[in-house]
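Peer 1: First the structure, which I've put down as structure tokens, then a few questions once you've had a look.
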Amino acid sequence: DTAVSQTPKYLVTQMGNDKSIKCEQNLGHDTMYWYKQDSKKFLKIMFSYNNKELIINETVPNRFSPKSPDKAHLNLHINSLELGDSAVYFCASSQLVEEDTQYFGPGTRLTVL
Amino acid sequence: RKEVEQDPGPFNVPEGATVAFNCTYSNSASQSFFWYRQDCRKEPKLLMSVYSSGNEDGRFTAQLNRASQYISLLIRDSKLSDSATYLCVVTPPMGAGNMLTFGGGTRLMVKP
Numbered sequence: 077d078t079a080v081s082q083t084p085k086y087l088v089t090q091m092g093n094d095k096s097i098k099c100e101q102n103l104g105h106d107t108m109y110w111y112k113q114d115s116k117k118f119l120k121i122m123f124s125y126n127n128k129e130l131i132i133n134e135t136v137p138n139r140f141s142p143k144s145p146d147k148a149h150l151n152l153h154i155n156s157l158e159l160g161d162s163a164v165y166f167c168a169s170s171q172l173v174e175e176d177t178q179y180f181g182p183g184t185r186l187t188v189l
Numbered sequence: 852r853k854e855v856e857q858d859p860g861p862f863n864v865p866e867g868a869t870v871a872f873n874c875t876y877s878n879s880a881s882q883s884f885f886w887y888r889q890d891c892r893k894e895p896k897l898l899m900s901v902y903s904s905g906n907e908d909g910r911f912t913a914q915l916n917r918a919s920q921y922i923s924l925l926i927r928d929s930k931l932s933d934s935a936t937y938l939c940v941v942t943p944p945m946g947a948g949n950m951l952t953f954g955g956g957t958r959l960m961v962k963p
């Protein structure tokens with residue numbers, strides 16, 4: 077009965093590959109997010125997705141593309157992986173777009189070799 | 852200047868001690884404020900919201916000073932289980948969405 081789940085938990089891949097990380101929430105929330113936590117432990121928002129509206133953080137390279145088949149899922153696809161993409165990626169969800177508690181998934185540790 | 856700044860620590864304290872963390876934020880129009888806790892290799896979890904009037908939850912007290920743009924967290928009677936990284940979090944002004952901005956975190960280590 078995990079609230080926000082992510083797969084895979086660990087992902088090791090070569091530079092240049094394309095990979096996807098999946099996220100699912102069973103909380104009935106309308107809004108989902110992707111965050112990146114780098115080696116210095118800074119957590120930064122990448123995307124926010126509320127129903128059909130995607131809010132893109134302008135600092136995110138366009139190699140990163142979120143895809144939401146329905147409001148319970150927000151997957152992250154990454155093209156042409158680079159060494160600097162190595163990080164922990166956290167998915168999160170909240171009921172409301174504004175001022176609402178966000179619940180985080182367990183994270184996906186991505187290592188690009 | 853970073854949007855949310857925290858002393859990274861680590862703060863090494865003995866069990867039973869009182870410890871306080873501060874955090875400053877740059878956007879005076881920030882709407883909401885939170886403290887999250889992150890254990891090693893785990894996801895962040897909400898510890899408490901921070902209100903202008905101050906709020907307390909057991910051994911934890913949070914304060915917000917909008918004029919000075921800083922937030923504090925006080926932990927009384929520290930337990931070993933309080934060892935973690937504490938993340939100061941702010942949200943943008945109303946209407947700008949709910950994308951949390953995290954500080955770099957303050958690491959707390961409570962020793963026996």
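Chains as they are written, first to last, in this note's numbering: chain E, 77 to 189; chain G, 852 to 963.
From the three backbone atoms N, C-alpha and C, an ideal C-beta is built for every residue, glycine too.
All values reported here derive from a predicted model rather than from experimental measurement.
1) Considering only the alpha carbon of each residue, which of E:Arg-185, E:Gly-183, E:Asp-176 and E:Gly-181 lies closest to Phe-885 of chain G?
2) Using a Cβ-Cβ distance under 9 Å, would Ile-154 of chain E count as near chain G?
3) Kindly give me the distance between the Cβ atoms of Ile-131 of chain E and Phe-123 of chain E, rounded to whole angstroms, as I take these residues to be in contact under 8 Å.
4) May I ask you to report which of helix, strand or coil DSSP gives Asp-146 of chain E?
5) For Phe-140 of chain E, I'd like the list of residues in its chain whose CB is within less than 6 Å of its CB, leaving aside the five on either flank, ordered along the chain.
6) Using C-beta distances below 7 Å, list every residue in its chain close to Asn-863 of chain G, excluding the 5 sequence neighbours before and after it, in chain order.
7) So, is Gln-90 of chain E buried or exposed, given that buried needs 16 or more other C-beta atoms within 10 angstroms?
8) Between the stretch 920 to 940 of chain G and the stretch 161 to 174 of chain E, do at least 3 Cβ pairs fall closer than 8 Å?
9) Quick one: what's Gln-82 of chain E bridged to in DSSP?
10) Between Leu-150 of chain E and Phe-953 of chain G, what straight-line distance do the alpha-carbon atoms span, to the nearest angstrom?
11) Would you verify that the beta carbon of Lys-893 of chain G is, or is not, closer than 9 Å to some beta carbon of chain E?
Peer 2: Let's see:
1) Ranking the options by Cα distance to Phe-885 of chain G, first place goes to E:Asp-176.
2) Closer than 9 Å: no.
3) With 8 Å as the limit, Ile-131 of chain E and Phe-123 of chain E qualify as a contact, their Cβ atoms being about 7 Å apart.
4) DSSP places Asp-146 of chain E in strand when its eight states are reduced to three.
5) Closer than 6 Å at Cβ, skipping near neighbours: Ile-154.
6) Once the five neighbours on either side are set aside, the close Cβ partners of Asn-863 of chain G are Met-960 and Lys-962.
7) When all chains shown are included, Gln-90 of chain E counts as exposed.
8) When Cβ pairs closer than 8 Å are counted between the two stretches, the stretch 920 to 940 of chain G is seen not to touch the stretch 161 to 174 of chain E, the count staying below three.
9) The partner list for Gln-82 of chain E (beta bridge, DSSP) reads E:Cys-99.
10) For the pair Leu-150 of chain E and Phe-953 of chain G, the Cα-to-Cα distance works out to about 21 Å.
11) Closer than 9 Å: yes.
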